[in-house]
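Here's the structure, in structure tokens; my notes come after.
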Amino acid sequence: MSLADRKILIVGGTRGIGRAVAEGALAARAEVIVTARSADRLSGLPPGLRGSVLDYTDSDSVKALAASLGTLDHLVLSASSDLAWGSFCDVSEEALRRAFEGKFWGYWRMVHAFAPRMAPGGSITLVTGAAARAAVPGTAGLAAVNGALEAMAKVLAAELAPLRVNSISPGITATEAYAGMPGAARQAMFAAAAAKLPAGRIGEAADIADAILMAAANPFLTGATIDIDGGLHLPR
């Protein structure tokens, strides 16, 4: 269960959960490559991290990166995209299509391009989201996108074997994704969410990263969806 000397590509690895995964993989002595959509996002990376510009909504960009990196041991897909928040009747078709294009189809392009280039014993880990199965009002769009990815991942685990494929399903996590909210409103939302969770708090990026790194390293884990959501998925 070691990542030492393994080549790992983390899509969306410059901030939030992806950055925590990158730092954890680097500490485990892996060869780590992170991607971002612009060169600016790649400036200031810590020593040891390689950066590469990638627009995973563009097939040519994905194919070019796959050709340049050669064989990978592990692929982690943790990029964010447009989110179709809101009640079902309020979310437009266009918003949901953007959400699918930005995440589902982005992940699909990455798996399609990189699966043939993965080393024996390698893994692909998809970061999805607790909305896929938690039935939280206002998250039908998130549920659709992430549920589609989780369903696909299980089929891929069977079809691409012995390459391992798993999903990590995080709940609400304190990352830059909420930076656009006023500070007081953000903290109030976090507190309200934490009060409803058996864990009594919301997630931190490192919590999710630990599960992702375990999924990548564990040679007996495939076809799994790991809920790391503070207990949000539990029936109550």
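The sequence shown begins at 464 in the working numbering and counts up by one. Heads up, the beta-carbon is just placed ideally off N, CA and C, and yes, glycines get one too. Computed from a predicted model, the values in this text were never measured in an experiment.
Own chain, CB closer than 6 Å to residue i, minus 5 neighbours either side, in chain order
| i | result |
| --- | --- |
| Ser586 | His537, Arg627, Ala679 |
| Gly604 | Ala547, Val554, Leu559, Ala562 |
| Arg649 | Tyr641 |
| Val484 | Ile473, Val539, Ala672, Ile675 |
| Gly541 | Position check: residue 541 holds Ser in this sequence, whereas Gly was assumed. The residues are Gly475, Ile480, Gly481, Val590. |
Nonlocal neighbours in the same chain, by C-beta distance under 7 Å from residue i, ignoring five residues either side
| i | result |
| --- | --- |
| Ser515 | Ile496, Thr498, Leu528 |
| Arg572 | Tyr519, Ser522, Val525 |
| Gly694 | Leu660, Pro661, Ala662 |
Coil, strand or helix - residue i by DSSP
| i | result |
| --- | --- |
| Asn681 | coil |
| Arg627 | strand |
| Leu466 | coil |
Neighbourhood of residue i by C-beta, 8 Å cutoff - its chain only, sequence neighbours within 5 removed
| i | result |
| --- | --- |
| Gly427 | Given that the chain is displayed from residue 464 to residue 699, the structure contains no residue 427 and the question cannot be resolved. |
| Arg482 | Gly476, Val497, Ala668 |
C-beta contact flag for residue i and residue j at 7 Å
| i | j | result |
| --- | --- | --- |
| Pro633 | Ile671 | yes |
| Asn609 | Ala597 | no |
| Ile473 | Ala493 | no |
| Ala582 | Thr534 | yes |
| Ala616 | Thr685 | no |
| Ala656 | Ile635 | yes |
| Leu532 | Ala491 | no |
Whole-angstrom distance between residue j and residue i, CA atom to CA atom
| i | j | result |
| --- | --- | --- |
| Ser543 | Gly475 | 7 Å |
| Val618 | Val599 | 26 Å |
| Ala530 | Ala578 | 12 Å |
| Gly666 | Ser506 | 27 Å |
| Leu612 | Pro682 | 22 Å |
| Gly601 | Cys552 | 10 Å |
| Gly646 | Glu622 | 45 Å |
| Met652 | Val590 | 22 Å |
| Thr638 | Ala624 | 33 Å |
| Lys659 | Gly487 | 29 Å |
| Ala502 | Pro661 | 40 Å |
| Ala593 | Ser630 | 11 Å |
| Glu566 | Ala607 | Note that residue 566 is Lys in the sequence shown here, rather than Glu. The straight-line gap from Cα to Cα measures roughly 11 Å. |
Q | Unbroken stretches of the beta strand (DSSP E), 3 residues or longer, contained in the segment 538–599 | A | 581–590
Q: Entirely within the segment 491–525 and at least 4 residues each: give me those alpha helix (DSSP H) ranges in chain order.
A: Taken in chain order, the segment 491–525 contains no complete alpha helix (DSSP H) segment of 4 residues or longer.
Q. Which runs of the beta strand (DSSP E) spanning at least 3 residues fall entirely within the segment 636–698, listed in chain order?
A. 688–691
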